Structure formats: C-alpha cells, structure tokens
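For the record, in the sequence shown the residue sitting at position 154 is 155 according to our numbering, with numbers rising by one throughout.
Here a beta-carbon is modelled for each residue, glycine too, at the ideal position from N, C-alpha and C.
Quick caveat, the model's predicted, so the values are computed rather than measured.
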Amino acid sequence: MTGVAKQFALRLARTVDCFVASLLAMTAFCLLALPALAEDARTLAPQPPRGQGEHCVADTDFMRRNHMLMMMDHRREVLHDGVREKKYSLAGCVSCHAVKGADGAPVSFADEKHFCRSCHSYVAVRIDCFECHKSTPDAPQKSAVREQGNDAKKLAAYLREVKP
Ligand code: HEC
Ligand code: HEC
Ligand code: HEC
C-alpha cells in the first residue's frame, strides 16, 4: 500500500469507529436517558382538576383533543341554526369544571387555577371567550348574553356594547 492509501484506510477506519461509537452512545442515551425524560414530562404535564360527576359531555380523551372544535361547532349551531342544546353550552363547562378558591367560591378565569387555564398556560394558548362569557357557574353576564338572541345585528350591537 502506498502511504496515501494507508492514511486513507486509517482515516476511514477511524471514521467508522467514530460512527459505531456514536451509534452506541445514542443507543445508550435512548436506553438510559429517555425514560428519565419521559418521567419528567409526565410530572411537568398539566394536571387539570377533575370535573364534577362521573363523565364529561363526551369521552374524556375526545374532550382533551377536541373540546375547542366541539365548542365552535356548538356555537355555530346556536348562532346560525338556533339549536339550543344545553349539554354543550359554555355555561355547562364552567359549572361542572368549577374550581374552588381559598374563600370556597369558584374562581374566575382571572385565577390561574381556573380549569380552562390549567392546560392553556402550559401550551401557551390564549382564549378570549371569557371577555364575554361568564367563567364561573350561575352567570348573570351569561344571561345578559342570552337575551341578545341569535340575530346577527343584535349580536353586533351587543359586541359594540361590551367592547367600547
Ligand atoms: C356534567 C359535568 C360536566 C360537564 C357539563 C362538562 N364536563 Fe368536562 N369533564 C367532566 C368530568 C367528570 C371529567 C373527567 C372525566 C374522567 O376523568 O374521565 C371531564 C373532563 C374534561 C376534560 C379532560 C380533562 C383532563 O383531565 O384531561 C376536558 C378538556 C373537558 N372536560 C372539557 C369540557 C368542556 C369544554 C365542556 C363544555 C363543552 C365540559 N367539559 C363539560 C365533567 C363535565
Ligand atoms: C365578543 C363577545 C364574545 C366572545 C369573545 C365569545 N363569545 Fe361566545 N357568544 C357570544 C354571544 C353574544 C353569543 C350568543 C348568545 C346566545 O345567543 O345565547 C355567544 C354564544 C356562544 C355559544 C353558544 C351558547 C352557549 O353558551 O352554549 C358558545 C358555545 C360560545 N359562544 C362559545 C364561545 C367560545 C368557546 C369563545 C372563545 C373562543 C367565545 N364564545 C367567545 C359572545 C362572545
Ligand atoms: C386537558 C387540557 C385542557 C383543558 C382542561 C382545556 N383546554 Fe382548551 N386547549 C387545550 C390545548 C392543548 C389546546 C390547543 C390545541 C391546538 O392548538 O390544536 C386548546 C385550545 C383551545 C381553544 C382554541 C384556541 C385557539 O386559539 O386555537 C379553545 C377555544 C379552548 N381551548 C377552550 C377551552 C375552554 C373554554 C376550556 C375550559 C372549559 C378549556 N379549553 C380547557 C387543552 C385544554
């Protein structure tokens, strides 16, 4: 072998070694470190307070993933078709998912313990729903919203009123 070829062969061998070593290192990392990371993720994950009663308005896992779509669907039904199915109303969500504060009264959305903030802070989602809707059970504001009816003009007037 010429000197150059020998050097090349050596370098190749070193590269292969290096590759094998990093594969080994990666495998070791997966075996050792990842379960620890997963454990961390589990303890850091949000722990939303449990709702009242046995079940949610739909399967819990479905709710976790799709509650936003469900509420948007329901809102569309109410506003456009006048369907008033209480089961999926926002008032229902906040009443079954009410979380009590230090004074024993349900906390509002301003409190970070509010059910609807328990995951959102974690995933950095912001919602404006509670600028108009009541975030605690038994809503005086909610009944104000209710009286507007589903007429688009009335709704617009209402929105001007609540957002000066
Ligand atoms: C009748 C009471 C009730 C109503 C009304 C209700 N929920 Fe629930 N919700 C529950 C209960 C109880 C659970 C926990 C079920 C479980 O652990 O399997 C739950 C679970 C959830 C979860 C999953 C929480 C988690 O632990 O990951 C979400 C999200 C949720 N509800 C959102 C909503 C929304 C949005 C509404 C309104 C459309 C709503 N819920 C209405 C009782 C209710
Ligand atoms: C600017 C004010 C405003 C904001 C912000 C707002 N809403 Fe509404 N919402 C209304 C009004 C007004 C109605 C009509 C009330 C009625 O006719 O009952 C309504 C109706 C609804 C309804 C159907 C009635 C019920 O309670 O079941 C749902 C569901 C709903 N909104 C969900 C939401 C969600 C979810 C958000 C946030 C993403 C949101 N809204 C943000 C004003 C608002
Ligand atoms: C189990 C955790 C969890 C709880 C509890 C929860 N959310 Fe969510 N929510 C999420 C996640 C995660 C997203 C973002 C989903 C995405 O980006 O696809 C989200 C998104 C949303 C959105 C859409 C926001 C946007 O800008 O796209 C709305 C509206 C919403 N949530 C309303 C609510 C309301 C109202 C409550 C309380 C009744 C609530 N959520 C409780 C996890 C939760």
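> Under 8 Å between the Cβ atoms of E132 and S122?
Replying inline: no
> Does the Cβ-Cβ distance between K87 and G93 come in under 8 Å?
Replying inline: yes
> Whose C-alpha, out of M72, S96 and A103, is nearest the C-alpha of S136?
Replying inline: S96
> If we ignore side chains and look at the alpha-carbon of each, how far apart do G150 and R77 end up?
Replying inline: The predicted position of G150 is uncertain, since its pLDDT is 45 and thus under 50; no value can be drawn from it.
>> For Q53, which residues in the same chain have their Cβ closer than 6 Å to its Cβ, ignoring the five residues on either side in sequence?
In response: C97
>> Just to confirm my understanding: we take A46, look at its own chain, exclude 5 residues before and 5 after, and list those with CB closer than 8 Å. What are they?
In response: Y123
>> On the criterion of 16 or more Cβ atoms from any shown chain inside 10 Å, does L91 qualify as buried, or is it exposed?
In response: buried
> Can you round the beta-carbon distance between P50 and F116 to whole angstroms, since I take them to be within the 8 Å contact cut?
Replying inline: 6 Å
> Is the beta carbon of H98 within less than 7 Å of some heavy atom of ligand 4?
Replying inline: Questions concerning ligand 4 fall outside what the structure shown contains, since the ligands it does hold are ligand 1, ligand 2 and ligand 3.
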